[in-house]
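Residue numbers (full-length UniProt numbering): 1 to 303. C-beta atoms are modelled at their ideal positions from N, C-alpha and C, and glycine is treated no differently.
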Amino acid sequence: MTALQLSPEVAEALDAGRPVVALESTIVSHGLPRPRNHEAAVEFEAILREQGVTPATIAVLDGVPRVGLDAVGVRRIAEEDLAKASVRDLPILAARGASGATTVAATAHLAAKAGIRVFATGGLGGVHRGASESFDESADLSTLAVTPITVVSAGVKSVLDIAATLERLETYSIPVVGLGTTVFPSFWLRESEHTLDWSVETPDDVAAIMAAHDALGHRQGIVVANPIPADQQWDPAEHDRVLAQAFAAADDAGVRGKAVTPFLLGYIVEASHGRSLEVNLDLARNNVATAGRIATAWAGRRV
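Here it is in structure tokens:
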């Protein structure tokens, strides 16, 4: 049984100290409709290659955690019906020889094991609304508490409890740094109601924090809050209207517990006539490009 398989391209880049960025596969397999998902997966990798950065899309294929996929692997995560795999699911998939798309938590875990230090995603998972009763909290948070990787995200989706998520990140001693912002973004929007304690202006600043983080012996991850460009965010008034409709629809349908968030996200895509999906793609592209610049700055510090 192979614990981890690096593609030749990723292995060579890591050995040479060149910049590498990890990419998750659930955004492709579960977050986007076909065939847009395959187009997006190819585009995300192309954005990095244009910067001279090696992409490492991560997934479990036939029981083997793969860090870096070839063209066939990328097509498989876009076209096959894969399990959604968090960290807890990895040994089960490995033992069964099954395939799965990795969540933020699983991607961060596998990327760090491979020696990758920068990871781009769309939005971080967090504490769900009503978690005091449902105990629904993403494993992304607990995984980042013990995983030394820098995650670039556009905050967390506004359907989550952003205040509780930030409190949990603080409890886990996970640094949260705004890149060019002092306000924590809320995925589709540039801003939430929550200000950040720390912000930086450049990818070099993030790399400096990573180096200091290592020097102090810290093993947590770092969250880089990277808001979507202003001209690409969802119209705030429309966002608020659709979100209110979604919560009302969930109440009317009697949706409870862990079923709430999938219901809300599906409703939002339909009620926004796909606008939320386009914003999702824009912010993901922005995060990938930003992660590439951070990885380049990090590689430069290690020369």
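Taking Cβ to Cβ, would you say residue i is nearer than 8 Å to residue j?
i	j	result
Pro185	Ala297	no
Ser134	Leu243	no
Trp198	Val177	yes
Ala154	Asn287	yes
Leu90	Val60	yes
Lys84	Gly100	yes
Gly122	Ile268	no
Ala225	Leu196	yes
According to DSSP, is residue i helix, strand or coil?
i	result
Thr290	helix
Gln245	helix
Leu264	helix
Glu193	coil
Ile149	coil
Val279	helix
Arg96	helix
Leu216	coil
residue 304	Past the boundaries of the shown model lies residue 304; the chain is included only from 1 to 303, so the question cannot be answered.
Phe135	coil
Leu124	coil
Val53	coil
Pro33	coil
Ala13	helix
Thr181	coil
Ile116	coil
For residue i, which option in the options has the closest C-alpha, if you only look at C-alpha atoms?
i	options	result
Leu166	Leu124, Leu14, Thr181, Ala207	Leu124
Leu283	Glu80, Ala295, Ala120, Phe135	Ala120
Thr102	Val152, His218, Val64, Val72	Val64
Gly97	Thr107, Arg66, Ala106, Gly115	Arg66
Gly192	Pro227, Ala94, Thr171, Arg301	Per the sequence shown, the amino acid found at residue 192 is Ser instead of Gly. If we check each option's Cα against that of Ser192, Pro227 comes out closest.
Tyr172	Leu144, Ala114, Arg34	Leu144
Ala105	His30, Leu141, Asp161, Val74	Leu141
Thr290	Ser272, Leu179, Phe247	Leu179
Going by the C-beta, is residue i closer than 7 Å to any heavy atom of the ligand GDP?
i	result
Ala85	Although the ligand GDP was asked about, the structure shown includes no ligands whatsoever.
Would you grab the beta carbon distance between residue i and residue j for me? Rounded to a whole angstrom, and I think it's under 8 Å.
i	j	result
Pro175	Ile209	7 Å
Trp234	Arg275	6 Å
Ala41	Ala78	6 Å
Pro19	Thr54	7 Å
Quick check: what's the CA-CA separation for residue i versus residue j?
i	j	result
His128	Glu39	30 Å
Leu48	Gly68	13 Å
Ala22	Glu9	13 Å
Ala3	Ala108	15 Å
Arg168	Glu137	10 Å
Gly221	Val152	11 Å
Gln245	Pro35	28 Å
Ala164	Val156	11 Å
Ala16	Val206	22 Å
Met1	His218	Note that Met1 scores 45 on pLDDT, short of 50, meaning its location in the model is unreliable; the coordinates nonetheless yield the value given after this. Taking the straight line joining both Cα atoms gives about 31 Å.
Ala11	Glu43	21 Å
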